[in-house]
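Same order as they appear, the protein sequences are chains A and B. As numbered in the numbering used here, residues 1 to 259 make up the first sequence, in order. As numbered in the numbering used here, residues 260 to 674 make up the second sequence, in order. From the three backbone atoms N, C-alpha and C, an ideal C-beta is built for every residue, glycine too. These numbers come from a predicted model, not from an experiment. Below is one structure, written out as structure tokens; the observations come after it.
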Amino acid sequence: MGEVNSPAIEIKNLTVHYGKTPVLWEINCSIPRGILLGILGPNGAGKSTLLKTLLGQLKPIGGETLFFGEKLREKKKKIAYVPQRSSVDWDFPINVENVVLMGRYQKLGMLKWPKKADRQAVHAVLDRVGMLPFARRQISQLSGGQQQRVFIARALLQEADIYLMDEPFAGVDIATEKALIALFAELKKEGKTLCIVHHDLMTVRSYFDWILLLNSCLIDFGPVEEVFHEENLKRAYGSSAYLFTETKKLAQARSTGDE
Amino acid sequence: MLEFFTDPVLRAPTLGTMLMCFGAGLIGCLAFLQKRSLVGEALSHAAYPGVVLSILVSSLLFPFSEKGAALSILIGALLTSSLGLIVIHQMEKRLKISSDAALCFVLSLFFGVGVLFASRLQIIQPLWFQQIQLFLFGQAATMVDGHIILYGALALFVVAAILFLFRYLEILYFDRGFAKALGMRVGPIDLLTYFLLVVAVIVGMRSVGVVLMSAMLIAPPAAARQWTNRFGPFLALSSFFGLLSGFLGNLLSIYVPRWVGEPHLSLATGPMIVLVASSLCVASLLFSTQRGYCTRMARIAAFRLETASENLLKALYKKREGKKSWWLLKWLEWKGLVENSALTDLGVQEAEKLIRLHRLWEVYLVHMGQGVERVHASAEEMEHILTPEIEQELQALLDYPTVDPHEQPIPGGAR
């Protein structure tokens, strides 16, 4: 078992382009197991792109990613993804229970009908995020925080070891934010690895124990106390970084013929 | 009514259109959920030049084969309709044209080309020209048993495909990102659903016609969406509405002329089907149990009646003077709260409950820091709203108060 000691996610020389424009540039890092990692960076830094590339939705032009020392294909079932809330059709005719049930399909297979045990598993995770009373509720009737809890419940049902979440705290109420943080701490204690795209710099210290600072290039990566300091933030968010972003935009416009 | 399924002349149009509408109602759901219902309209118009061109070609190649012509019509329609779909996609993706503009462009361009060729066909093949005119507005009445088999097979194909794809579609249309993360092959599924849409449109042209076909893709799903909030029942109900429109359309096109006393007047089946489907849609929009407009209006009226009668109840309890509405009194009598202009025991209980809720709410507002003189108006409204559960919580929170902020007793408030 060579995988016992291998890190949860190992990213080697990962480079992603949109057209000819680099969005992620030679990312190298090795994310250990059982940490609560915050992925930080300004708008357009490639945070969501990083998650989507890890999930295999975007093809990198170079580099590779290993999960527990193996390729994505082998470990796909061990990875749960929580997309941005805005990427979902909230008018869709579906209730809370059936949304969460989607987390079970990898295990269940697409053609099998869910059994009682599957429903019970759904209710268990809904209870864990405090949404059990809403199981029959139409999804559009929920508040932003409640919708986010349903998404997290779906990810929990996947019984994954790695959780990739795209801004789970965006647009949620304080009660939900606190509940989620407590839940994430529990998951971490169970040995899960959580990678969370985050926006609010004020809460970084209290929420995460590791940080990945991104602005197309990897600015820095490591435990919060070592990485989260003024100089690094300036490199990621400051005016010199701004120039880099602008140039990147221009390059994109030129290569697609817009300018 | 049974003759619609047994009579050799009636059975082909009836069963044929029912199967067609069933498939359209089912596949229309997918376009509806993607908020791209207009695609059906564009595709049916894009199929028209295919019909005309295939007739032109086959009349030159096999001048006397009618079966060959029927088959070539299907193939021709499939080809130009698919081409229309590709053009729409490319315009949206590469030329960054908004979706409605691309749809309208393809609709009018393809249809225009079709009409152009048809005008040529009119001169060189007048007999065939009449045949293709059928496809503009449809003609169900001349369908034969062969159509039932064809439409039945296609409907079966659509149902089988949807059943097979059910879970995929549910995840894909709700949350594309998650579907991709699960490793779902999104591209092929999209392609298959578009192919199904094209098939449904082509099948519908013969009976409902190019111009009206899109209604059969839109009306049943729009109606079904009003009644359910779940994916499976939504699909089932929409296809049922399609089936029902197909049947009633046939029925009415025969019966309506009889009812008006002109049995020889024949009404076109296609437009009748569309009318039925649209009526189902409008009725659902007005009367559905949750979102229906009339249902909501009725609920508002019921709430107003409740408020007015409760206010009257309070007035009677406090023995206030003043004009009392006669019919509201009747209403309270009917509910057993009033007898001979005096409250019954039940009436007294109800009135005390209202006053309790009113004063409890005042105590709560003062507890929350509102001024004593300002709480009455809000309580006047809330006494009609508060539920027993909220009352329980208020009582517990305020520790079962016995007087309100104006030093008046709260009836029945003690533990």
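Proximity of Gly606 (chain B) and Gly595 (chain B) at Cβ, strictly below 9 Å: Remark: C-beta atoms of Gly606 (chain B) and Gly595 (chain B) approach each other more closely than 9 Å.
Within the region 585–649 of chain B, ranges of the alpha helix (DSSP H) (whole runs, at least 4 residues): 585–593, 604–626, 635–641
Length of the line joining the Cα atoms of His665 (chain B) and Lys188 (chain A): 55 Å
Runs of alpha helix (DSSP H) lying entirely within the region 157–220 of chain A, each at least 4 residues, in chain order: 174–189, 204–207
Phe562 (chain B) burial status per 10 Å Cβ neighbour count (16 or more: buried): exposed
Contact check, Leu428 (chain B) vs Gln384 (chain B), beta carbons under 9 Å: no
Check whether Ala542 (chain B) and Ala495 (chain B) have beta carbons under 9 Å apart: no
Stretch-stretch touch, CB-based, cutoff 8 Å, three pairs: the region 79–91 of chain A with the region 153–165 of chain A: yes
Helix, strand or coil at Ile94 (chain A) [DSSP, three-state]: coil
Cβ-Cβ separation, Pro42 (chain A) to Leu14 (chain A) (assumed contact under 8 Å), whole Å: Actually they are not in contact, since the Cβ atoms of Leu14 (chain A) and Pro42 (chain A) sit about 19 Å apart, beyond 8 Å.
For Val125 (chain A), three-class secondary structure by DSSP: helix
Short Cβ contact (9 Å threshold) for Gly299 (chain B) with Leu451 (chain B): no
Environment of Gly105 (chain A) [buried if 16+ CB atoms lie within 10 Å]: The identity of residue 105 (chain A) in the sequence shown is Tyr, whereas the question assumes Gly. Label assigned to Tyr105 (chain A): buried.
Short Cβ contact (9 Å threshold) for Ser498 (chain B) with Arg484 (chain B): no
Amino acids of chain B, ordered along the chain, whose beta-carbon sits closer than 7 Å to that of Tyr81 (chain A): Phe437, Ala440
Contacting residues, own chain, Cβ-Cβ under 6 Å from Ser504 (chain B) (five flanking each side not counted): Cys280, Ile532, Val535, Ala536
Validate contact between the region 385–402 of chain B and the region 262–282 of chain B using beta carbons, cut 8 Å, 3 pairs: By the Cβ criterion, the region 385–402 of chain B is in contact with the region 262–282 of chain B, since at least three pairs of Cβ atoms, one from each stretch, lie closer than 8 Å.
Nearest-angstrom Cα separation, counted from Leu72 (chain A) out to Ser6 (chain A): 14 Å
Status (buried if at least 16 other CB within 10 Å, exposed otherwise) for Ser48 (chain A): The residue in question, Ser48 (chain A), is buried, as its Cβ has 16 or more Cβ neighbours within 10 Å.
Beta carbon proximity, Met131 (chain A) to chain B, threshold 9 Å: Interface flag for Met131 (chain A) against chain B is unset, since no Cβ pair is found closer than 9 Å.
For Lys12 (chain A), the residue or residues it bridges with in DSSP: A:Glu64
Closest residue to Ile94 (chain A) among A:Arg128, A:Phe134, A:Leu50 (Cα-Cα distance): A:Phe134
Chain B residues whose Cβ lies nearer than 8 Å to that of Tyr105 (chain A): Arg426, Ile430, Leu441
Chain B contact for Lys78 (chain A) (CB, 9 Å cutoff): Residue contact check for Lys78 (chain A) against chain B: no CB pair falls below 9 Å.
Residue closest to Ile35 (chain A), alpha-carbon to alpha-carbon, out of A:Gln158, A:Ala8, A:His123, A:Phe151: A:Ala8
Burial state of Arg618 (chain B), where buried means 16 or more other Cβ atoms lie within 10 Å: Its Cβ being crowded by 16 or more others within 10 Å, Arg618 (chain B) is buried.
Contact under 9 Å by Cβ, Phe92 (chain A) with Phe433 (chain B): yes
Identity of the residues DSSP links to Tyr81 (chain A) by a beta bridge: A:Leu164
Chain A contact for Leu471 (chain B) (CB, 9 Å cutoff): no
Beta-carbon proximity list for Phe611 (chain B), same chain, < 7 Å, skipping 5 on both sides: It is worth fixing the name first, because residue 611 (chain B) is Glu in this sequence and not Phe. Once the five neighbours on either side are set aside, the close Cβ partners of Glu611 (chain B) are Pro670, Gly671.
Buried versus exposed, by CB contacts within 10 Å (16 or more), Arg517 (chain B): exposed
Beta-bridge partners of Ser30 (chain A), as assigned by DSSP: According to DSSP, which records beta bridges pairwise, Ser30 (chain A) is partnered with A:Glu10.
Extent of the continuous beta strand (DSSP E) run through Ile39 (chain A): 36–40
C-alpha distance - Lys248 (chain A) paired with Leu194 (chain A), whole-angstrom precision: Approximately 30 Å, taken between the alpha carbons.
Bounding residues of the alpha helix (DSSP H) (the contiguous stretch that carries Gly491 (chain B)): 490–518
Cβ of Ser255 (chain A) within 9 Å of any chain B Cβ: no
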